[in-house]
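Read through the structure below, which is laid out as structure tokens, and then see the notes.
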Amino acid sequence: MEKLNGKKKIKICVFISGRGTNLKSLINFSKQKKTNFEIILIVSNKKNAKGLNFAIKNNIKSLIINYKNKKKTESIILKILKKNSIELVCLAGFMKILSKKIIKKYKDRILNIHPSLLPKYKGLNTHSKVIKNKDRFTGCTVHIVNSKLDSGKIILQKKIRVLKKDNEKSLAKRLLKVENQLYPKALKKFISTNL
Ligand code: GRF
């Protein structure tokens with residue numbers, strides 16, 4: 419177990435479903451000197467999620483779960499989180515909605531990144547809504563997960579301008595870079611004020 423200034427590091431599990439760029443940026447950040455947390459487990463509901471490669475590359479334990487039976491799956495997840503002494507969960511492109519049971523067990527200990535300026539555009543397809551509504555700005559939000567979709571307390575947000583030439587794809591691409599910078603910052607802020 420790693421330590422910082424004699425103190426144990428906070429153990430984090432990241433949940434993913436796909437590409438994993440946010441996971442990658444959290445891993446990179448965790449490896450910087452003086453961070454007081456470590457990512458020790460990665461959970462994916464997709465066995466071929468690209469993000470799992472970052473687990474292999476960085477020697478982090480990973481777990482693939484099958485969400486066919488949500489109740490059963492989540493009780494397995496809870497057991498594994500407990501077994502690994504996980505204190506904080508970061509959702510990073512995890513495309514499943516966690517049940518109240520997990521959210522209650524990890525109350526105020528689950529973070530998520532969402533590609534919109536919440537409370538605007540909860541749920542899916544945020545970029546197409548921004549383009550369709552001709553919004554001048556969009557952004558991303560890191561928030562605490564509660565039992566309502568994309569509704570928990572906001573930790574940090576970053577706004578970007580929507581360009582005239584933007585389409586869904588270009589906007590998503592540009593915003594992703596901003597997301598990748600925002601998540602570690604928000605995690606650091608959350609840990610320093612809450613843990
Ligand atoms: C991000 O846009 C995130 O905001 C959303 O899902 C996407 C995940 O991307 N929840 P990645 O897998 O981290 O690259």
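Whatever position you read off the sequence shown (first residue = 1), add 418 for this note's numbering.
Beta carbons are placed, not taken as given, at the ideal position from N, Cα and C, and that holds for glycine.
Distances from the alpha-carbon of residue 578 to those of 566, 567, 591, 568 put 591 closest.
If you draw a straight line from the Cα of residue 467 to the Cα of residue 437, it is about 6 angstroms long. As DSSP reads the structure, residue 559 sits in a beta bridge with 532, 575. Around the Cβ of residue 535, a 10 Å sphere holds 16 or more other Cβ atoms; the residue is buried. The alpha-carbon separation between residue 605 and residue 552 amounts to approximately 31 angstroms. Here the alpha carbons of residue 483 and residue 476 stand approximately 20 angstroms from one another. For residue 570, the shortest separation between its Cβ and any heavy atom of the ligand GRF does not lie below 7 angstroms. Between the ligand GRF and residue 532, a heavy atom-to-CB distance of less than 7 angstroms is present. The way I'd put it, the region 530–546 does touch the region 558–566; three or more beta-carbon pairs between them come closer than 8 angstroms. For the region 462–550, the full-length beta strand (DSSP E) segments reaching 3 residues or more read 479–482, 506–509, 528–532 along the chain. Here residue 507 is near residue 527, since their CB atoms are less than 8 angstroms apart.
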